[in-house]
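Structure first, then comments.
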Amino acid sequence: MNELIKHARELLESGEVAAVIGYRQVSAKRTKPVIITDPEETSALVFNEYCLNNLAVYLTKARIKLLCKKNDKVLKLAITAKPCDVHSIVALIQENQIDRDTIHIISFNCHGVAKDFGFDFNGDNLASKCITCETHKPLYYDKLFGEVMETPQASDTAIARIKEIESMPHNERFEFFKGEFDKCIKCYACRAVCPLCYCQRCITDKTIPCWIETSSHQRGNFAWNVIRAFHLSGRCTGCGECDRACPADIPLSLINRKMSMEAKNLFSFVSGRSLETPTLVGSYNEKDNDELFM
Amino acid sequence: MDEKIISRDDLLKICQDVIEKGNTLLTPGAADYSVVKDVSKIDLDASALPSKISYKSYVFPRTEPVLYYKRSKNDVQLIDVNIDSKKIVILGAKPCDANSLNIMKHLFNWDYSDDFFNMRAKNFIVIGLMCSQFDEYCFCTSVGSSPVSEKGSDIFLIPLDANTYALKIITDKGKEFISPYNGHLKSGDENRSKRITENVKLPETAFDSSEVYEWLGENFESPKWEGVGNLCLSCAQCAFVCPVCHCFDIMDEDYSYTEGRRMKNWDGCQFGNFTLHASGHNPRDIQSKRYRQRVNHKFRYYVNKFGEILCTGCGRCSRGCPVSIDIKEIVSNCKNDQKELK
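Each protein sequence line maps, in turn, to chains B and V. Residue 309 is where the first sequence starts when you use my numbering, and the numbers rise one by one after that. Residue 118 is where the second sequence starts when you use my numbering, and the numbers rise one by one after that.
What follows is the structure in structure tokens.
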């Protein structure tokens with residue numbers, strides 16, 4: 309931890325970065341995001357199994373970009389990111405939302421995080437995304453910390469659930485999603501925490517004409533959750549933040565994971581894994597699978 | 118105060134009767150207050166934390182039609198909505214939830230009497246249950262309530278042992294509700310329940326709400342709002358899980374060129390669109406102004422207008438905040454110059 313604090317302090321003191329986005333501890337099993345511009349405050353920085361937030365969401369915020377403007381100069385922004393959060397950063401760079409040169413990535417060798425705040429960190433309470441994680445070391449970084457440690461063993465219950473839902477007859481599957489989406493209260497926390505939901509004006513905010521009914525009834529809830537799944541298809545990096553943020557406990561990551569599986573099966577594409585590969589929806593290849601065309 | 122004793126079995130018999138008469142019975146769970154179909158599954162747990170979502174949607178639904186319309190060439194016909202006003206009994210309401218309708222009713226009867234809210238509130242029976250649990254986010258004692266507060270309950274239960282409750286009849290509505298079941302009640306001993314309520318551990322008082330009120334009046338332009346404004350991601354989780362947040366938006370939904378309905382939908386002050394004017398101007402254009410509004414509305418504006426704090430101290434907004442913004446911490450730190458709001 310001291311190394312992290314020392315590094316962040318040096319970055320701020322040297323004027324290389326305008327701010328460090330990181331985590332601070334609020335209780336034994338909970339951290340929260342912190343945006344630091346004063347080198348004195350870097351002592352609050354931590355990295356551990358309770359650093360659940362995907363801080364990449366802050367990178368596209370106008371107010372954070374504004375922090376980097378110092379007398380005509382644009383300074384870098386430092387971000388502490390788990391290897392999976394780096395996927396989100398890569399996706400944002402690939403979609404031209406941020407510039408790699410303006411971001412200083414502080415990452416860690418990661419052995420997983422807890423599924424939510426307040427839980428002991430062990431195999432039973434491992435975050436779903438960590439169970440199948442293949443990136444314990446970040447793919448891109450400017451500074452790497454943390455020891456290499458074993459991830460607790462856990463079974464992939466999410467994939468079992470996806471297979472179960474896939475095997476349901478259409479009407480049963482529809483009933484399942486009806487039940488889940490019925491719980492949606494349209495607080496849009498899923499959208500707010502998603503690094504890839506960066507649209508300045510979301511389609512649900514366009515009300516003249518109203519494409520997605522704002523009402524939180526069955527039709528409106530289906531419209532919202534389905535449009536979000538479509539808009540994230542081939543883009544979602546699987547950070548699972550929407551799942552964690554949902555106050556109604558809708559298993560949103562099952563939907564996003566299923567869509568990612570489709571992208572992988574049809575186009576051998578996994579979002580946020582390479583700075584060299586163009587985005588799925590932003591590129592075209594004659595050999596692309598065209599089974600999806602009607 | 119009229120205090121009785123009731124056994125758990127007798128309480129469940131009353132619940133069974135409530136359901137058989139076609140009324141709705143709600144009890145709190147971890148996620149939500151939900152409709153009870155099988156009384157044997159009722160688990161009245163005084164040591165449970167507040168459910169993730171409050172029960173306000175049963176009186177102020179997240180979406181509902183307020184009128185239907187039909188358009189013809191030269192005319193618009195408006196059709197009224199029949200308000201569903203079934204009796205709803207909430208069994209085991211947390212004291213921090215029980216007072217929510219009393220706080221919200223000021224708004225819904227301010228410059229206009231909202232039939233939708235009033236009709237439902239009238240048919241609400243709130244059976245409160247003493248609370249014996251709090252976590253780091255609870256702060257009911259800082260906003261004038263407590264885990265043993267009877268405020269807002271029509272009937273209040275205090276667990277005496279695993280199978281017995283002291284039952285206090287608080288309001289006339291409560292008296293009327295319980296009178297058909299008087300046979301199930303035995304006379305109680307106030308001292309016995311008092312010994313229990315007096316020994317309940319209370320969450321420490323985190324702030325003095327009158328000092329917060331003063332600070333807010335003098336610090337509208339405080340740079341302190343910037344910290345929390347940078348952190349907040351502008352969702353409405355806090356407003357939608359809140360037992361007393363009551364803002365709504367009116368939207369027309371057309372079924373066709375000639376027919377449609379006007380909807381009243383929950384809205385949240387942290388959304389950028391909330392104050393966006395038709396002109397394109399937005400008086401709360403940045404997040405720090407929106408968060409400032411949330412705190413001011415709860416701890417100053419509502420007090421000015423209706424004499425009550427628009428907060429019950431349940432801590433739901435903080436417990437569920439995706440970026441762990443803790444309103445108790447924000448409000449406690451606002452008047453401390455050494456501490457930032459974030």
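Ideal Cβ positions, reconstructed from N, Cα and C, are used throughout, including at glycine.
Could you tell me whether any Cβ in chain V is nearer than 8 Å to the Cβ of residue 340 of chain B? Taking the first sequence and counting its residues from 1, one reaches residue 340 of chain B at position 32. It does: the Cβ of residue 340 of chain B has a partner Cβ on chain V nearer than 8 Å.
Would you kindly work out how many angstroms separate the C-alpha atoms of residue 305 of chain V and residue 120 of chain V, rounded to a whole number? Your numbering for residue 305 of chain V matches position 188 in the second sequence. Your numbering for residue 120 of chain V matches position 3 in the second sequence. One alpha carbon belongs to residue 305 of chain V, the other to residue 120 of chain V, and they sit about 5 Å apart.
Please confirm whether residue 522 of chain B has its beta-carbon closer than 8 Å to some beta-carbon of chain V. Taking the first sequence and counting its residues from 1, one reaches residue 522 of chain B at position 214. Judged by the 8 Å Cβ criterion, residue 522 of chain B is in contact with chain V.
So, at 6 Å on beta carbons, what are the nonlocal neighbours of residue 429 of chain B in its own chain, with the 5 sequence-adjacent residues on each side left out? Stepping through the first sequence from its first residue, residue 429 of chain B is reached at position 121. Closer than 6 Å at the Cβ level, and outside the excluded window around residue 429 of chain B, lie 357, 422.
Taking a Cβ distance cut-off of 8 Å, strictly less, list which residues of the region 254-286 of chain V are near chain B, in chain order. So the list is empty, because no residue satisfies the distance condition.
DSSP-derived helix/strand/coil call for residue 273 of chain V: By 1-based counting over the second sequence, the position of residue 273 of chain V is 156. Strand.
What are the start and end residues of each continuous alpha helix (DSSP H) run of 4 or more residues lying completely inside the region 312-367 of chain V, in chain order? 326-335, 342-348, 354-358, all fully within the region 312-367 of chain V.
Are there 16 or more other CB atoms within 10 angstroms of the CB of residue 411 of chain V, so buried, or fewer, so exposed? Taking the second sequence and counting its residues from 1, one reaches residue 411 of chain V at position 294. Buried, by the Cβ-count rule.
For chain V, check one thing: does any of its Cβ atoms lie closer than 8 Å to the Cβ of residue 536 of chain B? Your numbering for residue 536 of chain B matches position 228 in the first sequence. No, its Cβ sits nowhere closer than 8 Å to a Cβ of chain V.
Pull up the distance between the alpha-carbon of residue 464 of chain B and that of residue 440 of chain B, whole angstroms please. Here residue 464 of chain B refers to the residue found at position 156 of the first sequence. Here residue 440 of chain B refers to the residue found at position 132 of the first sequence. Residue 440 of chain B has its alpha-carbon roughly 7 Å from the corresponding atom of residue 464 of chain B.
Residue 236 of chain V versus residue 200 of chain V: straight-line alpha-carbon distance, rounded: Taking the second sequence and counting its residues from 1, the one referred to as residue 236 of chain V is at position 119. Taking the second sequence and counting its residues from 1, the one referred to as residue 200 of chain V is at position 83. Their Cα atoms are separated by approximately 8 Å.
Hey, residue 260 of chain V and residue 429 of chain V are a contact pair by Cβ (cut 8 Å); roughly how many whole angstroms apart? Counted from its first residue, the second sequence places residue 260 of chain V at position 143. Counted from its first residue, the second sequence places residue 429 of chain V at position 312. 7 Å between Cβ atoms; contact.
Against chain C, which members of the region 147-176 of chain V pass a CB distance test of less than 7 Å? Looking for chain C here will not work: the only protein chains present are B and V.
Three-state secondary structure (DSSP) of residue 420 of chain B: One-based indexing of the first sequence puts residue 420 of chain B at position 112. Coil.
Tell me which same chain residues have a C-beta within less than 6 Å of the C-beta of residue 351 of chain B, skipping the five on either side of it? Translated into the one-based positions of the first sequence, residue 351 of chain B becomes position 43. Within the same chain, 313 come within 6 Å of residue 351 of chain B by CB-CB distance, once the 5 residues on both sides are set aside.
Measure the C-alpha to C-alpha separation of residue 336 of chain V and residue 408 of chain V and round it to an integer number of angstroms. Looking up residue 336 of chain V in the second sequence gives position 219. Looking up residue 408 of chain V in the second sequence gives position 291. Straight-line Cα distance between these residues: approximately 13 Å.
Of the residues V/233, V/426, V/205, V/405, which one's Cα is nearest the Cα of residue 345 of chain V? By one-based count along the second sequence, residue 345 of chain V stands at place 228. Closest option to residue 345 of chain V, judged by alpha-carbon separation, among V/233, V/426, V/205, V/405: V/405.
So, at 6 Å on beta carbons, what are the nonlocal neighbours of residue 372 of chain B in its own chain, with the 5 sequence-adjacent residues on each side left out? Counted from its first residue, the first sequence places residue 372 of chain B at position 64. Here the set comprises 366.
Indicate the three-state DSSP secondary structure (helix, strand or coil) for residue 297 of chain V in the structure shown. Here residue 297 of chain V refers to the residue found at position 180 of the second sequence. The answer is helix: DSSP assigns residue 297 of chain V an H, G or I state.
Measuring only the C-alpha atoms, how far is residue 507 of chain B from residue 405 of chain B? In the first sequence, residue 507 of chain B corresponds to position 199, counting from 1. In the first sequence, residue 405 of chain B corresponds to position 97, counting from 1. Taking the straight line joining both Cα atoms gives about 10 Å.
Quick check on DSSP: helix, strand or coil for residue 564 of chain B? The count along the first sequence starts at 1 and reaches residue 564 of chain B at position 256. Note: residue 564 of chain B maps to helix in three-state DSSP.
Using a Cβ cut-off of 7 Å, which residues of the region 346-369 of chain B contact any Cβ in chain V, in chain order? For chain V, the residues of the region 346-369 of chain B that bring a beta carbon within less than 7 Å of one of its beta carbons are 361, 365, in chain order.
C-alpha distance - residue 179 of chain V paired with residue 524 of chain B, whole-angstrom precision: Position 62 of the second sequence, counted from the first residue, corresponds to residue 179 of chain V. Position 216 of the first sequence, counted from the first residue, corresponds to residue 524 of chain B. So the two alpha carbons sit approximately 6 Å from each other.
Please compile the residues from chain V whose C-beta is within a distance smaller than 9 Å of the C-beta of residue 493 of chain B. Position 185 of the first sequence, counted from the first residue, corresponds to residue 493 of chain B. Residues of chain V whose Cβ lies closer than 9 Å to the Cβ of residue 493 of chain B are, in chain order, 170, 174, 179, 353, 354, 357, 358, 383.
Buried or exposed by the 16-neighbour rule on C-beta atoms within 10 Å, applied to residue 545 of chain B: By one-based count along the first sequence, residue 545 of chain B stands at place 237. Burial call: buried.
To the nearest angstrom, report how far apart residue 355 of chain B and residue 372 of chain V are at their CA atoms. As a working note, residue 355 of chain B is residue 47 in the first sequence. As a working note, residue 372 of chain V is residue 255 in the second sequence. Their backbone Cα atoms lie some 52 Å apart in a straight line.
Residue(s) in a DSSP beta bridge with residue 552 of chain B: Within the first sequence, the letter at position 244 stands for residue 552 of chain B. According to DSSP, which records beta bridges pairwise, residue 552 of chain B is partnered with nothing at all.
If you draw a straight line from the alpha carbon of residue 413 of chain V to that of residue 322 of chain V, how long is it in whole angstroms? Locating residue 413 of chain V in the second sequence gives position 296, counting from the first residue. Locating residue 322 of chain V in the second sequence gives position 205, counting from the first residue. Each residue's Cα considered, the two are about 20 Å apart.
Is any heavy atom in the ligand COA found nearer than 7 Å to the beta carbon of residue 600 of chain B? For the structure depicted, the ligand COA is absent and the ligand set is empty, with no information on it obtainable.
Euclidean distance between Cα positions of residue 355 of chain V and residue 437 of chain V: By 1-based counting over the second sequence, the position of residue 355 of chain V is 238. By 1-based counting over the second sequence, the position of residue 437 of chain V is 320. The straight-line gap separating the alpha-carbon atoms of residue 355 of chain V and residue 437 of chain V is approximately 7 Å.
Top-ranked residue by Cα proximity to residue 471 of chain B, from B/530, B/566, B/585, B/375: In the first sequence, residue 471 of chain B corresponds to position 163, counting from 1. Among B/530, B/566, B/585, B/375, the Cα nearest to that of residue 471 of chain B is on B/566.
Do residue 317 of chain V and residue 271 of chain V come within 8 Å of each other at the CB atom, strictly closer than that value? As a position in the second sequence, residue 271 of chain V is number 154, starting the count at 1. As a position in the second sequence, residue 317 of chain V is number 200, starting the count at 1. For residue 271 of chain V and residue 317 of chain V, no; Cβs fall outside 8 Å.
Residue 411 of chain B burial status per 10 Å Cβ neighbour count (16 or more: buried): Stepping through the first sequence from its first residue, residue 411 of chain B is reached at position 103. Buried, because 16 or more other Cβ atoms sit within 10 Å of the Cβ of residue 411 of chain B.
Judging by CA-CA distance, which residue of V/230, V/225, V/131 is the nearest neighbour of residue 297 of chain V? Residue mapping note: residue 297 of chain V aligns to position 180 of the second sequence, counting from 1. If you compare the alpha carbons of V/230, V/225, V/131 with that of residue 297 of chain V, the shortest gap goes to V/131.
Does the beta carbon of residue 236 of chain V come closer than 8 Å to any beta carbon on chain B? For this step, residue 236 of chain V is matched to residue 119 along the second sequence. For residue 236 of chain V, the answer is no, since every Cβ of chain B falls outside 8 Å of its Cβ.
Tell me which residues of the region 548-562 of chain B have at least one Cβ-Cβ distance to chain V shorter than 8 Å, keeping chain order. Of all residues in the region 548-562 of chain B, 549, 552, 553, 555, 556, 557 have a Cβ within less than 8 Å of some Cβ in chain V.
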